[in-house]
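Q:
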Amino acid sequence: MTREELEDKVRKGEKICHVDLKGVDLKGANLSNAELHFVDLKNSNLTGVNLSNAILQEVLLDNVDLSSANLSRASFKNVEFSRALLWKTNLSKADLAGANFSDTRFSETNLHGAKIKRIYKLSIESYPIIGEIIWI
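Using my numbering, the letters of the sequence shown map in sequence onto residues 21 to 156.
Following this line, the structure appears as structure tokens:
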């Protein structure tokens, strides 16, 4: 699936299921309100992507660049963020239940009001985080 096809399907409100998007350049793509289930986005460029209000379930975001991305109010159920870069990423009011953040780099990340439950391998000691996290 190409970037254009993906954006078109999201615009039409179609669910995206069982799709391999490894390495696709989605820089600045508007995927707000998207529903992604069992999608592989490993090694993709998601810089500046808009995934606000999106639903992501069992999505692989390993080794992706999410710098300056808008992920506010998105739901991330059992999503793999391993080795991802979240620099100036907006995760405000996001639901991060079951997400895996092993070796993920945070810097100036907005987690204000984010819901965190069953998070795996999240370390925030050495990274500047903006906002209040809701631990549930």
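We put the CB at the ideal spot given by N, CA and C, even for glycine.
As a quick exercise: from Leu-106, Gly-133, Glu-25, pick the residue whose alpha carbon is nearest that of Asn-65.
A: Per the Cα distances, Leu-106.
Q: Is Lys-97 helix, strand or coil when you go by DSSP?
A: Of the three classes helix, strand and coil, the one that applies to Lys-97 here is strand, per DSSP.
Q: Arg-125 lies in the beta strand (DSSP E); which residues open and close that run?
A: From DSSP, the beta strand (DSSP E) with Arg-125 extends over 125 to 127.
Q: Going by DSSP, which residues form a beta bridge with Asp-45?
A: Paired residue(s): Asn-65.
Q: So what's Asp-28 in DSSP terms, helix, strand or just coil?
A: Looking at Asp-28 - three-state DSSP - the assignment turns out to be helix.
Q: So, under 8 Å CB-CB, Leu-116 and Thr-129 are touching, yes? Tell me the CB distance rounded to an integer number of Å.
A: Wrong, their Cβ atoms sit about 12 Å apart, outside the cutoff.
Q: Looking at the unbroken beta strand (DSSP E) that takes in His-132, where does it start and where does it end?
A: Taken as a continuous stretch (DSSP letters only), His-132 belongs to no beta strand (DSSP E), as it is neither H nor E.
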